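Shown next, in structure tokens, is the structure this report addresses.
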Amino acid sequence: MSDQHEVTDLAPTPGERLRNAMKARDVKITIVFGVIITAVFVVIGLWFYPKFMPEIMSENMKRGKDVIVYFTVISAPIAGLVIAVALYTLLDRHHGENPPEEAASFRTHTPIVFAWTVISALFCITAIVWGLTEMNVNSEDATENAKSALVVEVTGSQWVWTFNYPELGVQSEQLNLPLDRPVEFRVHSVDVNHSFWPVQLGVKVDANDRVTTLAHTTPDVLGTIDIKCAELCGLYHAYMETQGKVMKEADFNSWVTAQGGHAA
Numbered sequence: 000m001s002d003q004h005e006v007t008d009l010a011p012t013p014g015e016r017l018r019n020a021m022k023a024r025d026v027k028i029t030i031v032f033g034v035i036i037t038a039v040f041v042v043i044g045l046w047f048y049p050k051f052m053p054e055i056m057s058e059n060m061k062r063g064k065d066v067i068v069y070f071t072v073i074s075a076p077i078a079g080l081v082i083a084v085a086l087y088t089l090l091d092r093h094h095g096e097n098p099p100e101e102a103a104s105f106r107t108h109t110p111i112v113f114a115w116t117v118i119s120a121l122f123c124i125t126a127i128v129w130g131l132t133e134m135n136v137n138s139e140d141a142t143e144n145a146k147s148a149l150v151v152e153v154t155g156s157q158w159v160w161t162f163n164y165p166e167l168g169v170q171s172e173q174l175n176l177p178l179d180r181p182v183e184f185r186v187h188s189v190d191v192n193h194s195f196w197p198v199q200l201g202v203k204v205d206a207n208d209r210v211t212t213l214a215h216t217t218p219d220v221l222g223t224i225d226i227k228c229a230e231l232c233g234l235y236h237a238y239m240e241t242q243g244k245v246m247k248e249a250d251f252n253s254w255v256t257a258q259g260g261h262a263a
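So the sequence shown is numbered by numbering that gives the first Met the number 0: it starts at 0 and just counts up by one.
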């Protein structure tokens, strides 16, 4: 009995098994790969995306950029770990001897399990709270600006966008908007499903047949808007694009008058 107790006392604990596993060459190299890949994704999130994204011409677009940067950074460690394991496996285990049938095992390590669970939960909760907060801000902005918003009816058809300004008596295939005035897009389709995407405004909304979908924004920078269809809609989907402009209010009123409409 005493011999059995002595053997049991010498058995490594789960923590010792984990520490021993962490000393293995495979694990050390994988950790180095993971740190490098994580750093690359952080740089992509903090520098590459902001530098090469389209021009920001509304608060919607700014919020969209912030969300992309944030989610890229918080997902970097997870992506780094997964890619590092896959990369090392491909580089080191695709030839030579087969791995041992029985690798070192350990049942659990409470501090690591607890930390991993808490950190993952915090990431998820933060993402949910952030998303709900942004949705609420957009909703509040739309409600606050409802009375002063310029209404633009957007019609998608294969493969053209048409813009109607019902309050101004103007219809055009070019979207022109006044600077710093709230806009309410009323989007629908007359045939297949489309997706209205004025890129620099940070808006993307489905255009469905017999259904009108609302989207709100306020352009706050002068410049050119690239307008695309973001949903496959047929043979010439890639060519369903046009441009618009954000212009000073006086220039916008002049354009409306030139189109035969009446300025607000």
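The beta-carbon is built from N, C-alpha and C at its ideal position, and this holds for glycine as well. Remember, it's a predicted structure, so these values are computed and weren't measured experimentally.
Of all alpha-carbon atoms in VAL136, LYS146, GLN170, ALA237, the one lying nearest the alpha-carbon of GLN157 is that of ALA237.
For GLY243 against MET56, the beta-carbon gap comes to about 10 Å, at or over 8 Å, which does not count as contact. The beta carbon of MET60 sits closer than 7 Å to those of GLN199, LEU200, GLY201, all from its chain and outside the five residues before and after it, given in chain order.
Where ILE224 is concerned, the enclosing beta strand (DSSP E) starts and stops at 222 to 228. In the DSSP assignment, PHE47 falls outside any alpha helix (DSSP H) and carries neither an H nor an E. Pairing TYR87 with PHE32 gives a Cβ-Cβ distance under 8 Å. Excluding the 5 residues flanking it on each side, ASP208 has same chain C-beta neighbours closer than 6 Å at SER188, in chain order. In the structure shown, GLU183 falls within a strand segment according to DSSP collapsed to helix, strand and coil.
In this structure, the straight-line span from the alpha carbon of VAL72 to that of ARG185 is close to 35 Å. Contact check for ALA75 against PHE40 passes: the beta carbons are separated by less than 8 Å.
Spanning the alpha carbons of LEU167 and ALA126 requires a straight line of approximately 41 Å. Annotation: GLU248 to VAL255 spans about 10 Å, alpha carbon to alpha carbon. In the three-state reduction of the DSSP assignment, ASP219 falls in the coil class.
Counting the other Cβ atoms within 10 Å of the Cβ of TYR164 gives 16 or more, which makes it buried. With a threshold of 16 other beta carbon atoms within 10 Å, ASN175 meets it and is buried. Residue state for HIS193 is assigned as strand, using DSSP reduced to three classes. As a beta-bridge residue in DSSP terms, PHE162 pairs with VAL153, SER171. DSSP places PRO53 outside both helix and strand once states are collapsed to three, so it counts as coil. In the DSSP assignment, GLY243 falls outside any alpha helix (DSSP H) and within the unbroken beta strand (DSSP E) covering 240 to 246. According to the DSSP assignment, ALA206 belongs to no alpha helix (DSSP H) but to the beta strand (DSSP E) extending over 204 to 206.
Cβ neighbours of THR161 within its own chain (closer than 7 Å, five residues either side excluded): THR154, GLN170, GLU172.
Burial is judged here by how many other beta carbons sit within 10 angstroms of a residue's own beta carbon; GLY44 has at least 16 and is buried. Only residues of its own chain outside the window of five on either side were considered, and among them MET56, LEU176, LEU178, PRO218, VAL220, LEU221, GLY222, ILE224 have a CB closer than 7 Å to the CB of VAL245, listed in chain order.
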